[in-house]
Amino acid sequence: MKFVLNGASTDVMAHPMSRLLDVLREECGLTGTKEGCGEGECGACTVLVNGEPVCSCLIPVAQVESADVVTIEGLGDDHPLQHLFMNEIGAQCGICTPGMIMAAIALGPSPTLDDVKIALAGNLCRCTGYSAIYRAVLKWREMSDVNVSASATR
Amino acid sequence: MPAVGTSVARKDGIGKATGSALYADDITFPGMIHGRTIRSTIPRGRVKSIRFDFDTDGFTIVDWHDIVGRNSVDLIEKDQPFLVESEVRHMAEPILLLAHEDRERLNAAHVEIEYEEETPLFDPEQSTVVFKKIDIMKGNPAGALASADLVVEGTYRTGHQEHVYIEPNGVIAVPEDVDGKKGVAIFGSVQCPFYVIKALRCLFGAHPPIRVIQTETGGGFGGKEEYPSMIAGHAAMLALKSGRPVKIIYDRAEDMIATTKRHPAIVRHRTGVTRDGHIVAMDIDVLMDGGAYVTLSPVVLSRGCIHAAGPYRCDNVNIRGRTVFTNTPPNGAFRGFGAPQTEFAVEVQMERIAEALGIDSVEVRRINALRPGDTTATGQKLREDTSALMVLDEAVRRTDFLRKREGYRGTNRALGLSLFYHGAGFTGSGELSLKSKARLDLTPTGVRIATGSTEIGQGTRTTHAQIVSDSLGIPYEDVEVAQPDTARVADSGPTVASRTCMVVGKILEECAHEMKERLNGLSPAEYHTRHGAFSVERMYAPPDWIKWDDATYRGDAYATYGWGCDVAEIEVDPDTFEVRPLKLTAVQEFGRPIHPALAQGQIEGGTAQGLGYALLERVVMRNGAMANAQLTNYTIPTTLDMPELDVVMLENPYPGGPFGAKGLGELPMDGPAPAVVNALRWLGFDVREIPATPELIAGCTATA
């Protein structure tokens, strides 16, 4: 099974009906994607497939053949949204955080608070009550929107 | 610049946000195999026979015969077995353990168990097996009730609540050689590593060296206080028998069906009041469903009863509590620990008292709110750090409560309010008998905190480091925090009861002061270069004025209390009876925030759990088991369920806490449910039960 994983072409030996989540964690060794419920309710396993956030526990690996898959590891370890999740306390226990970030990263520019709530409605957090997550995401979009407009006027 | 009081960078590092933080399921060991628990499928009876319907070749199989020590999870009592011997007391009770390297073969293995079934007992009101009784008596409640102008009676019910930490329970047991002895190391998602040690010493006897290492933990909320001891015991037995590392990770369904929940409760109130709104007598009866084994029920009941009279002054009080046996999975610790149940009851009762008297409920609360110098139901004389009136007045002012509530008259919107408090630390003489210790190690670059207190998201590492940094007068960056490993850290007691910052933080403050004296003006690095390393370990000394009598339940129940007032603004769909919370204002006083942003996170998160408890989270029990053991139909608040949160943190320092801090973790859990239900009452729904689902609200008669 071939697909692009975090920018690099990957070939895995796995049953085509294996959950993408298990392939990522066990075959590819990328344990940043978490399992919270195994039924697509909690969003802890969210990854991007061709730019769209999906629950990797619901997707058989056959479905991502030749697709572009991005996991939390694909963002590296110095992404501004990652720092904001820590600094704004958008992460407490942290188990929902990778999935939450992958869902948020797909947001378009200049989102409203309601846009953020809708984008993250499929991701459960039991620690924060979500307010700090909104603060992190909105701050990040403000920063990146400023950067976009700064480079546009250059 | 001082670290305390500012939102410094957290000690967690970036790993939680990059995916590199390692939780139990992210860790593997060479040769590791997977463990699985075979559980009872009846609520009560006896095991008649066990048959393996699979090729057992390559499997490690453990049953109770393999236990070399004692088959009991050592907690308050030793009544709960690690593995059923014959008697089954509840659904999903562990009977057998299997392990295999191939997870698919493991999960496909079928074990046929025949039972002799007996009639189960599910109704706590019918139970005659009482785990614990409590009787708190103050003054002459019978006489005061008889002479009161008015007596208001009411019965209030609260349901189970499931923790739903997003990381289900899981541990790995790894055989290890310690000085030629066969021992075992437990790596796991745990709140209380030393509880696991105690339980495993009972299970194995004193022989095998055991240590417990906390892995990054994806939420606890009390749900990883006692049950991890069970899982660790299972994994350790499989590991010692197979000689290989064994990982047991529960999936969501197993976690929900088998592990503990918040105790359901029935609370009955009879309150005597004068016409002008003074409470003269409170008679309160508390019944909690303990489930099939004692676990922590006696102490949950204790905290529930002590908080049952609410933050109100009254000279004549009788609180009777009992927690009883039923054939359901044992209930256990959950943030708030009995108080959310009883404070829900007393706060709805207060609203009904105001309705009966025709006096505004804010005024009734104001008249009766505890003030410094007043005594609680246990006879504790409150000190200056008592803030019931302060939080009430601020919440009413900030939300423009009276005017706004009046303005909503005739609409489908309403405001409701709750006033609440929460004792910090273990109850009564609990902190004295715990003898918690904390240690500071001098390192070549600074100091290292070595305690068993676990970081489960609440900020243990960070707040402890802040306290040490300022007490020692060294930069915050020079303080590191050891991963809890029972072989290497001091036993600072369990990470529960809103005690980690206030109690363990206090011991660390004292360690830092002692270390500072020994450094004698040198920096840790300078001292280390000249004289080498040293450590300071100290034991907690509770304030000497605390007097508590466990036999009579009289005295100083807690060294201090946090205080809160929540205002819920809601809207009810007139056709579907769905409740939409629009805004929740949480005004809370907890001494002084060590890290304001983390403290705010505790309040926001606890408030969310409280709103779920109030409106959404219904555990459906069928034949003694949770029938909705999945997140599809046990629903916790999502982004779209949560209202705007307005958090106000007021200060009233507790002199016995580090930098004036009190415990905070549980306080925010107590307020949301009564605030929401009191708003529903204002809309005309006589709700006395949670969760207030649309079906329940539809069936409620009008309040007026």
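These protein sequence lines are chains A and B, in that order.
If you want my numbering, it's the position in the first sequence, counting the first as 1, plus 91.
If you want my numbering, it's the position in the second sequence, counting the first as 1, plus 289.
Virtual Cβ for every residue (Gly too), placed ideally from N, Cα, C.
Predicted model, so just to flag it, every value in this text is computed and none were measured.
Nearest to residue i (by Cα), restricted to the options the options
| i | options | result |
| --- | --- | --- |
| B/S361 | B/G477, B/F318, B/H452, B/L489 | B/L489 |
| B/I350 | B/A727, B/M426, B/H389 | B/H389 |
| B/Q755 | B/D355, B/G782, B/E798 | B/E798 |
| A/G129 | A/A182, A/L149, A/W231, A/V207 | A/L149 |
| A/A197 | A/L172, A/G220, A/C218 | A/L172 |
| B/G881 | B/W852, B/L871, B/F866 | Strictly speaking, residue 881 of chain B in this sequence is Arg, with Gly absent from that position. Of the candidates B/W852, B/L871, B/F866, the one whose C-alpha sits nearest the C-alpha of B/R881 is B/W852. |
| B/T849 | B/G952, B/A916, B/S758 | B/G952 |
| B/A521 | B/C491, B/R541, B/G308, B/V556 | B/C491 |
| B/A253 | B/Y601, B/T667, B/L956, B/F493 | Nothing about residue 253 of chain B can be read from this structure; chain B reaches only from 290 to 993. |
| B/T818 | B/G705, B/Y697, B/G735, B/G954 | B/G735 |
| B/F411 | B/G899, B/A903, B/S742, B/P618 | B/P618 |
| B/G945 | B/F879, B/P409, B/R541, B/S812 | B/F879 |
| B/D315 | B/Y697, B/L939, B/T447, B/G459 | B/G459 |
| B/E893 | B/T874, B/R911, B/L527, B/L905 | B/T874 |
| B/V467 | B/H452, B/I461, B/Y484, B/P498 | B/P498 |
Burial state of residue i, where buried means 16 or more other Cβ atoms lie within 10 Å
| i | result |
| --- | --- |
| B/G477 | buried |
| B/N396 | exposed |
| B/P733 | exposed |
| B/S676 | buried |
| B/W971 | buried |
| A/S157 | exposed |
| B/W834 | exposed |
| B/H449 | buried |
| B/K536 | buried |
| B/Q480 | buried |
| A/T203 | exposed |
| B/L364 | buried |
| B/H820 | exposed |
| B/D301 | buried |
| B/R333 | buried |
| B/F348 | buried |
| B/H802 | exposed |
| B/G699 | exposed |
| B/E906 | buried |
Contacts that residue i makes with chain B (C-beta to C-beta distance below 8 Å)
| i | result |
| --- | --- |
| A/L215 | V453, I455, L920, I925, T927 |
| A/I150 | Neighbours of A/I150 on chain B: none; closest Cβ ~18 Å, over 8 Å. |
| A/D185 | The sequence given here has Gly at residue 185 of chain A, not Asp. Under the 8 Å cutoff, chain B gives D301, G304, K305, A306, A310, E505, G507, G746. |
| A/G123 | T307, G308, S309 |
| A/D168 | I303, T307, S309 |
Per DSSP, cross-strand counterpart(s) of residue i
| i | result |
| --- | --- |
| B/H558 | B/G443, B/I573 |
| B/W353 | The partner list for B/W353 (beta bridge, DSSP) is empty, contrary to what the question assumes. |
| B/T740 | B/A779 |
| B/I986 | Partner(s): none; B/I986 has no beta bridge. |
| B/Q503 | B/G477 |
| B/Y601 | B/A658 |
Nearest-angstrom beta carbon gap, residue j and residue i [assumed within contact, 8 Å]
| i | j | result |
| --- | --- | --- |
| B/Y454 | B/G509 | 6 Å |
| A/M112 | A/E164 | Here residue 112 of chain A is Leu; the residue named in the question, Met, does not match the sequence. With 8 Å as the limit, A/L112 and A/E164 do not qualify as a contact, their Cβ atoms being about 14 Å apart. |
| B/V908 | B/I642 | That belief does not hold up - the Cβ atoms of B/V908 and B/I642 are roughly 30 Å apart, past 8 Å. |
| B/M828 | B/S725 | 7 Å |
| B/R728 | B/V825 | 7 Å |
| B/F1046 | B/H523 | Absent from the model: residue 1046 of chain B. The displayed extent of chain B is 290 to 993, so no value can be given. |
| B/P534 | B/M321 | 4 Å |
| B/G627 | B/H552 | 7 Å |
Chain B contact residues for residue i, given Cβ-Cβ distances below 7 Å
| i | result |
| --- | --- |
| A/L211 | T928 |
| A/K208 | T928, L929 |
| A/Q173 | I303, A306, T307 |
| A/T137 | Here the premise fails: no neighbours, minimum Cβ distance about 12 Å. |
| A/I192 | A306 |
| A/A182 | K305, A306 |
| A/I163 | T307, G308 |
| A/P189 | G308 |
Residue i CB to nearest heavy atom of the ligand COA below 7 Å
| i | result |
| --- | --- |
| B/T865 | This structure lacks the ligand COA; in fact it carries no ligand of any kind. |
Under 9 Å by beta carbon: chain B residues contacting residue i
| i | result |
| --- | --- |
| A/N178 | S296, A298, R299, A886 |
Neighbour list for residue i in chain A, Cβ cutoff strictly below 7 Å
| i | result |
| --- | --- |
| B/E893 | T219, G220, S222, A223 |
| B/D959 | Result: empty, since nearest Cβ-Cβ is about 15 Å, beyond 7 Å. |
Within chain A, the residues that residue i reaches when beta carbons sit closer than 9 Å
| i | result |
| --- | --- |
| B/R541 | E126, G127, C128, G129, E130, E132, C133 |
Chain-ordered neighbours of residue i on chain A, where CB pairs are closer than 8 Å
| i | result |
| --- | --- |
| B/Y404 | Here the premise fails: no neighbours, minimum Cβ distance about 29 Å. |
| B/T896 | G220 |
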